[in-house]
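Remarks on the structure that follows.
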Amino acid sequence: MNKGEVRLVSLTKRFGDFVAVDAIDLEIPPGGFFSLLGPSGCGKTTTLRMIGGFEQPTSGQVLLDGLDMAGTPPSKRPVNTVFQSYALFPHLRVFDNVAFGLRRQRVGRAEIRRRVGEVLELVQLGALARRKPGQLSGGQQQRVALARALVVKPAVLLLDEPLGALDAKLRRELQVELKQLQTQVGITFAYVTHDQEEALTMSDRIAVLNRGRVEQASSPRDLYEEPANAFVADFLGVSNLMEATVLGPSGAGVEVRLGDGVSVEAQRGELSTRGPTKVVIRPERIQVEAAGATGPNRIAGMVTNVVYLGSGLQLTIHLAFGRTVTALVANTDEDTAGAWTPGTPVTCHLPSTALRVLANTEVSAPAPEAGRVGGSEPATHVP
Amino acid sequence: MKLVGRFGTLSLNLYFWLFVAFLFAPLVVLVIFSMNNSMTPTLPLSGFTTKWFHQAFSNGELTGAVVRSAAIALTTAVFATALGIMASIGLMALRGRALTFAIAALLLPLVVPYISLAVGLLILLQTFGAGPSLTAVVLGHAVITLPFAILVLLPRLRSLDPAMNEAALDLGASAFGAFRLITLPLIVPALVSSGIICFVTSFDEFAIASFLAPSGQPTYPIFLYASARTPALLPDVIAIGAIVIAASLLLVVIAEAGRRWAERRLVGAGAAVQSALAEASVPLIAHR
């Protein structure tokens, strides 16, 4: 029985001299919502296409429920793809578009009608079966593409940035719908996107890709709270990445010198690191206090910019030692909005439990297996 | 945006209408004299008659030549279009230098003089022990019309979203199935245009036909050339000429209407605008 588990073993794709996908090892667990996240050109779409069978790997394997897919054409693989451009057949009606796969399987007329009807209801397009794709809106076209791929009951559904062409509001609605659909249908979804917010809200697990390699593969929470390196930290949300020097153990963590002489304590991250490295702290963890406040991990600064987000305030604060950080303050009461204005002196409290030390990539650390299920192992690359 | 001043616009208009007159005057004259009651096409006109049409249709040699040309042209159109589609699909898979080279080779007949091609083809046939035949004419015409077929079909193929073909494969279609069910219906307007331009080119073609057609089986252009020496045949020839013009006009109108209908059915194909420009020009070129 097809569980829908995908395993990529040392998967590589080269186009001439250019390495698009560099020996990726990845496990996509069955039945969940898995995202491949990364900037343009990181190899996520190429990886997806290799799973679908549209590109042949230069080396390595694609294993579907344990079976090597080498030599198997797309028409014979138990996976289906929702393309970025939807790729609907413009000369066929919605019904015929969705029925296409079933007809290739020689399914009977009555059963085709039943299954197409069911899946169109599932994506809420029941009334539009007789229309042609050119007469549908972008959101509706996307649903037809989804229905067309789902009706043939694949073990894995591959989605290549399906929401890219839609406006923000529609995209948010469809994100929720897609997530609900996946839970309802139970099929493994492999979703490619460059939008980190999208990946965070929808996925059970995310693999962050950069330049053909997996930087980190884990749950959204682990990726956000415990990024393995500067790239992951910076790609997911604001990271307030800062140059720092780890001096040695201190209290429950390590003593870190920021810039020129400000010492703070950090209790998260790679605490065994020594010497020059980077630290990160999320904007919502920075506590902005009145100027002159005392205590550990407090740094004096000045507000240089305020952005009113409605749900909160985004403050840009210039710190005493020369760095600028972004802090997020919740809109707790009506007076919050007026409390900080550009030019206001403040004190930034960087709680040691929120300050995270990143591994020093100059040091030759042993390279643990990337993307192991159940952990958030960083994919450090031995130079 | 105004590119020319008022004098420029006037000159442009004048030039355009003079050009149109120059292009169509011979055709108009032909039609007039096809109904003129005189053995020679001279002024003043001698009265209306339809007898030349009756005479022309009872001239077995003349009608035979026209039918022969039409049959050859039809076969050429189908053959060249089929080859053109195959060539275009092949070209889609090429890049860079390979693509440039392949296209240059396939479009070569456009720049080779037909007379040279005809002589070469005849010699080639004789090397294999064959001689002039109508099949040879079809082959020769297919060679010279294939470039036109490619020039019409390749852009249309390129305008299709490649993901559509991949989607068809993804859903279980074979490579040929995907072509038959998805690609082919979407390029019908281009197929029609290709057919028309190949037909017309073959119908009009003289050099290759004169070398490769058997002596007792002239094509229409060959017959016209030969009949120039027989003044008695002139009215017949003019009458048939008028009919050919009328038939071409009809063909172009029907084909263009058909193409637009096919275009309309492909709502949302996305290529509708670009191809309309490319394919609208084909019937205009074809109707000379």
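Sequence lines, in order, name chains A and B.
In terms of this note's numbering, the first sequence has 8 at position 8, counting the first letter as 1, and numbering is strictly consecutive.
So this note's numbering is basically just the index in the second sequence, starting at one, shifted up by 383.
Yeah, the Cβ is synthetic: ideal placement off N, Cα and C, and Gly gets one too.
Just so we're clear, the structure is a prediction, and the values are computed from it rather than from any experiment.
Are the CB atoms of residue j and residue i within a distance shorter than 8 Å?
i         : j         : result
A:Phe-387 : A:Lys-179 : Nothing in the structure corresponds to residue 387 of chain A, since chain A is present only between 1 and 383.
A:Leu-315 : A:Val-280 : no
A:Asp-160 : A:Thr-12  : no
A:Ala-199 : A:Ser-35  : yes
A:Gly-38  : A:Leu-209 : yes
A:Ala-149 : A:Leu-64  : no
B:Val-449 : B:Ile-623 : yes
A:Glu-215 : A:Asn-229 : yes
A:Pro-101 : A:Arg-77  : Note that residue 101 of chain A corresponds to Gly in the displayed sequence, not to Pro. No.
B:Leu-474 : B:Leu-395 : no
A:Ala-327 : A:Ile-299 : no
B:Leu-406 : B:Pro-515 : no
A:Pro-90  : A:Gly-134 : yes
Hey, quick one: how far does the alpha helix (DSSP H) through residue i stretch, first residue to last?
i         : result
B:Tyr-398 : 389-417
A:Leu-150 : 138-150
B:Asn-548 : 545-553
B:Val-450 : 443-475
B:Thr-423 : Careful: B:Thr-423 lies outside any alpha helix (DSSP H) and carries neither H nor E.
Please report the straight-line C-alpha distance between residue i and residue j, rounded to a whole angstrom.
i         : j         : result
A:Leu-8   : A:Glu-27  : 6 Å
A:Val-357 : A:Val-303 : 25 Å
A:Glu-334 : A:Val-307 : 16 Å
B:Ser-542 : A:Phe-189 : 31 Å
B:Pro-572 : B:Arg-643 : 8 Å
B:Gly-467 : B:Thr-602 : 24 Å
B:Phe-431 : B:Ala-629 : 18 Å
B:Ile-472 : B:Asp-553 : 19 Å
A:Ala-20  : B:Ile-591 : 52 Å
A:Ala-145 : A:Ala-87  : 7 Å
B:Val-575 : B:Arg-539 : 12 Å
A:Arg-268 : A:Glu-121 : 48 Å
B:Ala-611 : B:Leu-529 : 31 Å
B:Phe-606 : B:Phe-589 : 10 Å
A:Ser-364 : A:Thr-273 : Note on A:Ser-364: pLDDT 35, under 50, position unreliable in the model; no value is reported.
A:Gln-142 : A:Gly-60  : 32 Å
A:Glu-236 : A:Glu-270 : With the sequence shown as reference, residue 236 of chain A is identified as Leu, and Glu is not the correct amino acid for it. The straight-line gap from Cα to Cα measures roughly 19 Å.
B:Val-635 : B:Pro-568 : 21 Å
A:Asp-234 : A:Cys-42  : 15 Å
A:Asn-331 : A:Glu-255 : 33 Å
With distances taken Cα to Cα, identify the nearest neighbour of residue i among the options.
i         : options                                       : result
A:Met-69  : A:Thr-58, A:Ser-59, A:Ile-51 and A:Ser-85     : A:Ile-51
A:Gly-139 : A:Leu-125, A:Ala-149 and A:Val-151            : A:Leu-125
B:Phe-462 : B:Asn-420, B:Val-520, B:Leu-500 and B:Val-450 : B:Val-520
A:Phe-95  : A:Ser-239, A:Asn-80, A:Gln-267 and A:Arg-131  : A:Arg-131
A:Ala-147 : A:Asn-97, A:Leu-170 and A:Lys-169             : A:Asn-97
A:Pro-342 : A:Thr-336, A:Thr-324, A:Thr-353 and A:Ile-317 : A:Ile-317
B:Ala-550 : B:Leu-564, B:Arg-539 and B:Pro-538            : B:Leu-564
B:Ile-570 : B:Ala-611, B:Ala-465, B:Leu-457 and B:Pro-427 : B:Ala-465
B:Phe-586 : B:Ser-610, B:Gly-560, B:Leu-616 and B:Ile-527 : B:Ile-527
A:Asn-360 : A:Gln-141, A:Gln-135, A:Pro-29 and A:Thr-245  : A:Thr-245
A:His-349 : A:Ala-339, A:Gly-292 and A:Asn-331            : A:Gly-292
B:Tyr-608 : B:Gly-512, B:Ile-626, B:Ile-486 and B:Leu-445 : B:Leu-445
A:Asp-393 : A:Pro-74, A:Arg-282, A:Ile-187 and A:Glu-284  : The requested residue 393 of chain A does not occur in the structure, where chain A is confined to residues 1 to 383.
A:Ser-311 : A:Gly-322, A:Thr-353, A:Gly-71 and A:Glu-284  : A:Glu-284
So, does the CB of residue i fall closer than 8 Å to a CB anywhere in chain A?
i         : result
B:Arg-648 : yes
B:Met-547 : yes
B:Gly-641 : no
B:Tyr-398 : no
B:Gly-523 : no
B:Pro-568 : yes
B:Ile-472 : no
B:Ser-576 : no
B:Gln-657 : Below a pLDDT of 50, predicted positions are generally treated as unreliable, and B:Gln-657, at 44, falls in that range; the measurement from the model is reported next regardless. No, B:Gln-657 lies away from the interface with chain A (no Cβ there is under 8 Å from its Cβ).
Give a yes or no on whether 8 Å exceeds the smallest Cβ distance from residue i to chain B.
i         : result
A:Ser-203 : no
A:Gly-41  : no
A:Phe-89  : yes
A:Gln-184 : no
A:Phe-15  : no
A:Arg-104 : yes
A:Thr-188 : no
With respect to the beta strand (DSSP E) encompassing residue i, which residues constitute its N-terminal and C-terminal limits?
i         : result
A:Pro-345 : 345-349
A:Arg-7   : 6-15
A:His-318 : 312-319
A:Leu-64  : 59-64
A:Arg-213 : 213-218
A:Ala-129 : First-last for A:Ala-129: undefined, no H or E at that position.
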